[in-house]
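Visitor: Next up is a structure, given as C-alpha cells.
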Amino acid sequence: MRVIKEIVGKEVLNKNAQIIGKVHEVEVDESTFIITSLIVKKHGFTVTKDEIIVPFDAVEKIGDKILLNE
Numbered sequence: 322m323r324v325i326k327e328i329v330g331k332e333v334l335n336k337n338a339q340i341i342g343k344v345h346e347v348e349v350d351e352s353t354f355i356i357t358s359l360i361v362k363k364h365g366f367t368v369t370k371d372e373i374i375v376p377f378d379a380v381e382k383i384g385d386k387i388l389l390n391e
C-alpha cells in the first residue's frame, strides 16, 4: 500500500513536539484494510529492542512528521 510506504520512516512527535522516534512498521486490519497502529522505534541508541505501539487514533496529524494528540 502506497500510504504505508509514505508513513514508514517518518518521525513521530508527542503533543509537546518532542521526538519519540520513527515509524518502523504499520499494523493494518486485514479484513478492512484500515491502519490500526504504528510501531515506533524509540529515538536514540539503545542496546535492547525499544519499540512503542501507538494506536492510530492517537495520531493528530500526518505531514512531514507525525504529531500525536496524547
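Sequential numbering of the sequence shown, starting at 322, is according to the numbering used here.
Glycine included, every Cβ here is placed at the ideal spot set by N, Cα and C.
Using C-beta distances below 7 Å, list every residue in its chain close to Ala379, excluding the 5 sequence neighbours before and after it, in chain order.
Guide: Looking up residue 379 in the sequence shown gives position 58. Same-chain partners within the cutoff: Leu389, Asn390, Glu391.
Visitor: In whole angstroms, give me the CA-to-CA distance for Ile328 and Leu334.
Guide: By one-based count along the sequence shown, residue 328 stands at place 7. By one-based count along the sequence shown, residue 334 stands at place 13. Near 13 Å, if we compare the C-alpha coordinates of Leu334 and Ile328.
Visitor: Does DSSP put Lys270 in a helix, a strand or coil?
Guide: Residue 270 lies beyond the residue range present for the chain, which begins at 322 and ends at 391; the question has no answer from this structure.
Visitor: Using beta-carbon positions only, say whether Val324 and Val344 come within less than 8 Å of one another.
Guide: For this step, residue 324 is matched to residue 3 along the sequence shown. For this step, residue 344 is matched to residue 23 along the sequence shown. Not a contact, by the Cβ cut-off of 8 Å.
Visitor: Buried or exposed: which applies to Gly330, given that a residue is buried once 16 or more other Cβ atoms fall within 10 Å of its Cβ?
Guide: Start at 1 with the first residue of the sequence shown, and residue 330 comes out as number 9. Exposed, by the Cβ-count rule.
Visitor: Count the other C-beta atoms from every protein chain shown that fall within 10 angstroms of the C-beta of Gly342, then say buried if there are 16 or more, exposed otherwise.
Guide: For the purposes of this step, residue 342 is taken as residue 21 along the sequence shown, with counting starting at 1. So Gly342 counts as buried.
Visitor: I'd like the span of the alpha helix (DSSP H) that includes Val324, first residue to last.
Guide: Position 3 of the sequence shown, counting from 1, holds the residue named residue 324. Unbroken alpha helix (DSSP H) run through Val324: 323-328.
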